[in-house]
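No gaps in the numbering here: position 4 of the sequence shown is 8 in this note's numbering, and each next residue is one more.
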Amino acid sequence: MASKPRLYITQELRENLEFFLADDQAHYLCNVLRLSAKSLFLAFDGKNGEFECEILKCDKKQVAARVLRQSRAFEKGADIWLLFAPVKKDRTDFIIEKATELGASKIVPVITRRTISEKIRKERYIAQAVEAAEQCRRLEVPEIEEARSLETVLKNWDKNRTLYFMDESGKGKTPAEVFINEPEKNMPAAVLIGPEGGFDDQEFELLRKQSYVRAVSLGKRILRAETAVAAALSCWQAYCGDWRIGE
Ligand code: SAH
C-alpha cells in the first residue's frame, strides 16, 4: 500500500492507549481495505498531533487498536475563518472540502437574502470536513458552526477579526493591496463569499459601513461561489497565512 490509511478519532490519543474504532471506520479498515491484526494506520484527534496505531483485532463486532507512537507533534493551523452562503448540495460539498484543504480553521454557513434556501446539512458538512482533513494530512478538523443570518453574524462580530468580503461589484481593492498593505495583516481574519445570486444592495451597504470589513475584488470575471471560496482562501494563505516563506 502506498501510504497508511489516516483516520480522525474523536477521543484523545496518547502513546499506548488502546481504543475501539467507530463502526464506519472499522468497516473501512477491515472490510474495504482488508487490513487485519498488526496492520498499521495513522490517527489524529485534533488536539495532540498524529499517531501511528496498530490494529489489535478485527472481528465482526469490534475493531480494537493501540497507539504505538506519535508520528507528528500538534501544530495549530492559521487563524482564518470561512463564511459562505450555502449553494446546491454537491457545490457546498466542494466548498467544505476545498476550505478544509486550504486551511480554514472555522466554517460558518451564512444566510443572505439571495441564499437559495437549501437545507443546512451540518452533519454532512462535518463528514466532508473530516474526510478532507484525513486526506490532506491536517492535524485538525475545521469547526463547523450553525448557520446564521448575515445580520446576526455582523451584530455579534468581534471587531479584532478583520472580515474580508469578496465583492463582485468591482469596487473592492485587489488582494495584494488589501492583504499586503493593510495594518491588520497579522490579525485574525475571515473571508466572506456571497451566494450565486450575489449580495443585494442593502447587504453591500451594511457590509461597507462596518469598521472591520474590507472589500476585496477577485478580478473582472464573475466567479462561481465555490471558485471564489478557493481563490479567497488561497490569496489569504499566500499573503498572510501559512503559505508565506519560512512558515
Ligand atoms: N450573481 C452575481 C455573482 C455572484 S458570484 C452577479 O452576477 O453579480 C458569488 C459570490 O462569489 C459573490 O457574492 C462574491 O462574494 C464572489 N465573487 C464572484 N466573483 C467575484 C469577483 N470577481 N470578485 C470578488 N468576489 C467575487
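Built from N, CA and C at the ideal position, the CB exists for glycine as well.
This structure is a prediction, so every number in the text was calculated from the model and none was measured.
- For Asp205, the shortest separation between its Cβ and any heavy atom of ligand 1 does not lie below 6 Å.
- Within the region 66-143, the complete beta strand (DSSP E) runs of at least 3 residues fall at 67-76, 84-88, 110-115.
- Bounds of any beta strand (DSSP E) do not take in Tyr216, whose DSSP letter is neither H nor E.
- Taken in chain order, the whole beta strand (DSSP E) runs of length 3 or more contained in the region 19-45 are 22-24.
- When the beta-carbon positions are compared, Cys34 and Val71 stay at least 7 Å from each other.
- When distances are taken from the beta-carbon of Ser221 to the heavy atoms of ligand 1, the shortest one is below 6 Å.
- Within 10 angstroms of the beta-carbon of Cys140 lie fewer than 16 other beta-carbons, which makes it exposed.
- Residue state for Phe48 is assigned as strand, using DSSP reduced to three classes.
- Inter-residue distance for Thr119 and Arg76 is about 40 Å (C-alpha atoms, whole angstroms).
- The criterion of a C-beta distance shorter than 7 Å is satisfied by Ala103 and Leu86.
- Comparing C-alpha distances from Arg18 to each of Gly53, Lys42, Ser7, Ser43 shows the shortest one belongs to Gly53.
- Cβ neighbours of Leu211 within its own chain (closer than 6 Å, five residues either side excluded): Phe169, Val217.
- In the pairwise beta carbon analysis, the region 165-181 is classified as touching the region 220-234: at least three pairs are separated by under 8 Å.
- In the structure shown, Ile197 falls within a strand segment according to DSSP collapsed to helix, strand and coil.
- Gln74 places its beta carbon 7 Å or farther from that of Ile100.
- Residue pairing by DSSP puts Leu11 in a beta bridge opposite Ala47.
- Shown here, Glu172 sits in coil according to DSSP, grouped into three states, outside any helix or strand.
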